[in-house]
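Have a look at the structure below before the remarks.
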Amino acid sequence: MITTASASTSPFSFASLPHFNRPTYLMCPPEFYDVNYVINPWMAGNLHQPSRDAAFMQWKNLYRQLQRVADVRLLHAREGSPDMVFVAHAAVVQHGLAAVSSFAHPQRQTEEKHLRKWLQDAGFLLWETPRETSFEGEGDALFDANGGHLWAGHGVRTCRHSHRHVADAWHTPVTSLHLVDPRFYHLDLCFAPLSGGYLMYFPGAFDAASLEKIEAAYESDKRIALSELDATQFGCNVINVGQDILMGVVETNLAQRLAERGFEVTELELSEFQRGGGSAKSLALRLSDSDMMVGSDLVNRY
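Positions 284 to 585 (this note's numbering) are the ones given, in order, by the sequence shown.
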């Protein structure tokens, strides 16, 4: 189902959808962020452990770094929704249309109305997901770098039936990947399409059939396979804009491996958010088209 902010008062025009001249993201400050409950393995043992001051400092640093390479819009935090800071879980956006999440857990369902209103006020067309079909935004579904194909995860927290429904919003092909490790309940924790046709992924998060799909789509020299140590330090949960990658600190040679492929890597301390189950990618929702993220400098090198 499609909804618009002005559907009841005036005819809808695709020309009225938001247009962006450079990469653009939405972030939500961690004003009320905390680990108030346990709905994923990373939260276990971290109830009320994040430092509010440290979280603000880490978030502001990511915000400033992202502003170097993209425009950043802000969504106001709301009391009673401590996970709103992980705004990328709330929708998938492409071509001015936003597929809005239907969170599996009641603790996060309070976030949906706030993002829905923000998107409507900003002029986006909304594609609603039925409540009975759980779907959690860019946590579950990611476009490839060129925006022509959607990859979607299921099996731990999200319903596979949501994949075709979400892909129909853009009439785009979708590949479903089965997640088998409960630590990687979201696709963006173990799968990251990158500029230049690269893919960063953790093979241990997927079943054999899903690995075959991944290997059929990406040549071996374009696949960057992460170790379990890379992955459990949120190595896949990155923001990629052209040749720039923003990521949490990973205490392996992952940043070096990315640099060898032409990427400019900025590692940031995001430990307070990792206690809640997210890192750089989870903290920023892409609003502009995914192919706008492909930087000419990187593409021209390969």
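C-beta: ideal position from N, C-alpha, C; glycine also.
Next item on the list: With DSSP as the reference, label Y308 as helix, strand or coil.
Entry: DSSP places Y308 in strand when its eight states are reduced to three.
Next item on the list: Check whether the segment 377-392 touches the segment 330-349, taking contact to mean three or more Cβ pairs, one atom from each stretch, closer than 8 Å.
Entry: Counting Cβ pairs under 8 Å, fewer than three are found: no touch.
Item checked: Straight-line Cα distance separating V521 from K564 -> When rounded, the separation of the alpha-carbon atoms in K564 and V521 is 5 Å.
Check: How would you call N323, buried or exposed, if buried means at least 16 neighbouring beta carbons within 10 angstroms?
Finding: The residue in question, N323, is buried, as its Cβ has 16 or more Cβ neighbours within 10 Å.
Note to self: Considering just the uninterrupted stretch of the beta strand (DSSP E) at L344, what are its terminal residues?
What the structure shows: The question names Leu, but residue 344 is Asn in the sequence shown. Element bounds for N344: not the beta strand (DSSP E) but the alpha helix (DSSP H), 335-352.
Checklist line | Selection from W325, L470, G363 that minimises the alpha carbon distance to H372 | finding: Of the candidates W325, L470, G363, L470 places its Cα closest to the Cα of H372.
Next item on the list: In the DSSP assignment, find the beta strand (DSSP E) that holds F474 and state where it starts and stops.
Entry: Run containing F474: 474-476, per the beta strand (DSSP E) assignment.
Margin query: So for H372, helix, strand or coil by DSSP?
Written below: It is helical.
Next item on the list: State the Cα-Cα distance for the pair D527 and L349, rounded to the nearest angstrom.
Entry: Separation of D527 and L349 (C-alpha to C-alpha, rounded to the nearest whole angstrom) is 9 Å.
Note to self: Does L568 pass the burial test, meaning 16 or more other C-beta atoms within 10 Å, or should it be called exposed?
What the structure shows: By the Cβ-count criterion, L568 is buried, with 16 or more other Cβ atoms from all chains shown falling within 10 Å of its own Cβ.
Margin query: Please identify the residue among T393, L425, R356 whose C-alpha is closest to the C-alpha of D404.
Written below: Selected option, being the one with the closest Cα: R356.
Check: Anyone know if the C-beta pair for T441 and E419 falls short of 7 Å?
Finding: Yes, the pair counts as a contact, with Cβ atoms nearer than the cut-off.
Item checked: Neighbourhood of R558 by C-beta distance below 8 Å, restricted to the same chain and skipping five residues each side -> Excluding sequence neighbours, R558 sits near V318, W325, M326, N329, Q332, P333.
Notebook entry, point to check: Measuring CB to CB, does S493 end up less than 7 Å from H461?
Noted result: In contact: S493 and H461 (Cβ atoms closer than 7 Å).
Item checked: Top-ranked residue by Cα proximity to S364, from L570, Q392, F556 -> With distances taken between Cα atoms, S364 lies closest to Q392.
Next item on the list: Identify, in the order they occur along the chain, each residue of the same chain with its Cβ nearer than 6 Å to the Cβ of Q516, setting aside the five sequence neighbours on each side.
Entry: V533.
Next item on the list: Out of G518, K496, F489, point me to the one whose CA is closest to E619's CA.
Entry: In the structure displayed, the chain extends from 284 to 585; residue 619 sits before or after that span and is not available.
Margin query: Less than 7 Å between the C-beta atoms of W453 and Q390, yes or no?
Written below: Between W453 and Q390, the CB-CB gap reaches or exceeds 7 Å.
Check: Leaving out five residues before and five after L509 in sequence, what residues of the same chain have Cβ atoms less than 6 Å from its Cβ?
Finding: Listed in chain order, the non-local C-beta contacts of L509 below 6 Å within the same chain comprise F485, G518, local neighbours out to five positions each way being set aside.
Checklist line | Residues of its chain near H448, where Cβ-Cβ distance is below 7 Å and the 5 sequence neighbours each way are ignored | finding: Hits under 7 Å: T412, T416.
Check: Are L433 and V457 close, meaning C-beta to C-beta below 7 Å?
Finding: Their beta carbons are under 7 Å apart, which means L433 touches V457 by this criterion.
Notebook entry, point to check: Does any residue of chain C bring its CB to less than 7 Å from the CB of F517?
Noted result: Protein chains in the displayed structure number just one, and chain C is not present.
Margin query: Pop quiz: D464 and A488 are said to be a contact at Cβ under 8 Å. What is the actual Cβ separation, rounded to whole angstroms?
Written below: Yes, D464 and A488 are in contact; Cβ-Cβ is about 5 Å, under 8 Å.
Checklist line | Simplified DSSP state of I497, which is helix, strand or coil | finding: I497: helix per DSSP, three-state reduction.
Notebook entry, point to check: Taking all protein chains shown into account, do 16 or more other C-beta atoms lie within 10 angstroms of the C-beta of F303, making it buried, or fewer, making it exposed?
Noted result: With fewer than 16 other Cβ atoms within 10 Å, it is exposed.
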